[in-house]
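Read the structure below first, then the notes.
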Amino acid sequence: MVLSLLLASCSGAVGPQASSVAIPPAFGVAQSAEEKHEPVTILVAAAASVEYCYKNELIPMFEKKYPWVTVEGSYDSSGKLQTQIEQGLEADVFMPAAQKQMGALEEQGLIEAGSIVKLLKNEIVLIVPAGGESIVKSFEDVVNSSSLAVGDPETVPAGQYAKEALTSLGLWEAVKASASYGTNVTEVLHWVAEGSADAGIVYATDAATNPKVKVVATAPPNSLASAIIYPVGILANSAHKTEAELFVEFLQSPAALEVFKKYGFTPNIKATASTP
Numbered sequence: 205m206v207l208s209l210l211l212a213s214c215s216g217a218v219g220p221q222a223s224s225v226a227i228p229p230a231f232g233v234a235q236s237a238e239e240k241h242e243p244v245t246i247l248v249a250a251a252a253s254v255e256y257c258y259k260n261e262l263i264p265m266f267e268k269k270y271p272w273v274t275v276e277g278s279y280d281s282s283g284k285l286q287t288q289i290e291q292g293l294e295a296d297v298f299m300p301a302a303q304k305q306m307g308a309l310e311e312q313g314l315i316e317a318g319s320i321v322k323l324l325k326n327e328i329v330l331i332v333p334a335g336g337e338s339i340v341k342s343f344e345d346v347v348n349s350s351s352l353a354v355g356d357p358e359t360v361p362a363g364q365y366a367k368e369a370l371t372s373l374g375l376w377e378a379v380k381a382s383a384s385y386g387t388n389v390t391e392v393l394h395w396v397a398e399g400s401a402d403a404g405i406v407y408a409t410d411a412a413t414n415p416k417v418k419v420v421a422t423a424p425p426n427s428l429a430s431a432i433i434y435p436v437g438i439l440a441n442s443a444h445k446t447e448a449e450l451f452v453e454f455l456q457s458p459a460a461l462e463v464f465k466k467y468g469f470t471p472n473i474k475a476t477a478s479t480p
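Each residue of the sequence shown is one higher than the last, beginning at 205 in the numbering used here.
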């Protein structure tokens, strides 16, 4: 008799009350993403030229997929951001507009080994105010410009590329004394848009964001020694490496790369299978 009861109990046929017993779900199955994760905030130190696509689209997309993660951005010239990181800025992800700044931090052991992805390509272009006619119609015409604006070549990658291109074209010596040097590429764009400078050299992606400027020329391909690459990597001292890794992985997803393309960047990698 005892054996029969045990067998009946195991089969769930003890009696009519058995069907009313609630079996608790497996641990964690009913938990939402928010309940399983403590809220985390990560800081992304990124070149000023990616500020719009980050703020307008990419960060909201990422935070929707990972709702426990808040992403804050610090946007400036890559050289300034490099200095701030060297001085202790508690960033989690670094995305400069050139490989020079990333390489410098990597050499100092400030970038997580193996985390760097050469994510995007860009171009530099010559811009003038959109309204009216300009005597500047090509890179060779910058010598006739009364006020050429470029990023400071000491700290701003766009300025370094501008100097390199103008030097290779034999024009830098003629314009360097009278040129106005911006603290970042956004400042250069603003000067030209507002008419404070009658020409400027910025990234193609920046020019595309402001209807008050027009592009009159793209730097000749042979004027730069190498392509303009935007790398992204994780800081070695990041306190939130898991979330930083999720963000860098997200930037390589098809949807994220489509956003970059929308803002004028060219992906330098094949998209991963990850999607937001």
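Ideal Cβ placement from N, Cα and C applies to all residues, glycine included.
Review point. What's the call for S457, buried or exposed, on a 16-neighbour Cβ count within 10 Å?
Key: buried
Review point. What did DSSP end up calling Y408 once you bin it into helix, strand or coil?
Key: The residue asked about is misnamed: residue 408 is Ala in this sequence, not Tyr. In the structure shown, A408 sits in a helix (DSSP, three-state: H, G or I).
Review point. How should K268 be labelled, buried or exposed, when 16 other C-beta atoms within 10 angstroms of its C-beta is the threshold for buried?
Key: exposed
Point to revise | 8 Å contact criterion, which K418 and I331 should meet: CB distance rounded | key: Confirmed, Cβ separation roughly 7 Å.
Exercise for review: Taking V329 and T422 to be in contact with their CB atoms under 8 Å, please state how far apart those CB atoms are, rounded to whole angstroms.
Suggested key: The C-beta distance from V329 to T422 rounds to 5 Å, short enough to fall under 8 Å.
**Study point:** Cβ pair count under 8 Å reaching 3, the stretch 244–259 against the stretch 442–461
**Key:** yes
**Study point:** CA-to-CA distance, L370 to T446, given in whole angstroms
**Key:** 43 Å
Review point. What is the DSSP secondary structure of T476, reduced to helix, strand or coil?
Key: coil
Check your understanding: Cα-Cα, which of L455, S400, S384 is closest to L323?
Key -> L455
Exercise for review: Report yes or no: do three or more beta-carbon pairs, one from the stretch 371–383 and one from the stretch 331–348, lie closer than 8 Å?
Suggested key: yes
**Study point:** Backbone secondary structure at I331 - three-state DSSP
**Key:** Of the three classes helix, strand and coil, the one that applies to I331 here is strand, per DSSP.
Practice item. Look at the Cβ atom of G435, then the Cβ atom of V321, and state whether they are nearer than 8 Å. Key: It should be noted that the sequence gives Pro, not Gly, for residue 435. Against a cut-off of 8 Å, the Cβ pair of V321 and P435 comes out as a contact.
Review point. Out of T476, A411, N426, A429, which has the shortest C-alpha to C-alpha gap to Y256?
Key: A411
Point to revise | Enclosing beta strand (DSSP E) for V420 [first to last residue] | key: 417–422
Point to revise | Coil, strand or helix - D356 by DSSP | key: coil
Exercise for review: Compare the Cα-Cα distances from S430 to each of Q364, Y467, A401, G399 and report the closest residue.
Suggested key: Q364
Point to revise | Span separating the alpha-carbon of A383 from that of F266 | key: 40 Å
Check your understanding: Nearest to E316 by CA position, among K466, A252, G386, S442, is which residue?
Key -> S442
Check your understanding: Taking just the CA atoms, how far does K466 sit from Y407?
Key -> 14 Å
Check your understanding: Can A353 and V392 be called in contact, C-beta distance under 8 Å?
Key -> Their beta carbons are under 8 Å apart, which means A353 touches V392 by this criterion.
Point to revise | Classification of P300 by the beta-carbon crowding that lies within 10 angstroms, buried from 16 upward | key: buried
Exercise for review: Could you have a look at Y434 and say whether DSSP puts it in helix, strand or coil?
Suggested key: Y434 sits in a strand when the DSSP states are folded into three classes.
Point to revise | DSSP state of E276 mapped onto helix, strand, coil | key: strand
Point to revise | Exposure label - G386; buried when at least 16 CB within 10 Å | key: buried
**Study point:** Of the residues I433, A460, T413, the one placed nearest A334, counting alpha carbons only
**Key:** T413
Point to revise | Continuous beta strand (DSSP E) stretch holding I246: start and end | key: Under the DSSP assignment, I246 falls in the beta strand (DSSP E) whose first and last residues are 244–251.
**Study point:** Own chain partners of K284 with C-beta closer than 8 Å, once the 5 adjacent residues on each side are dropped
**Key:** T359, T387, N388
Point to revise | Span separating the alpha-carbon of G313 from that of Q288 | key: 15 Å
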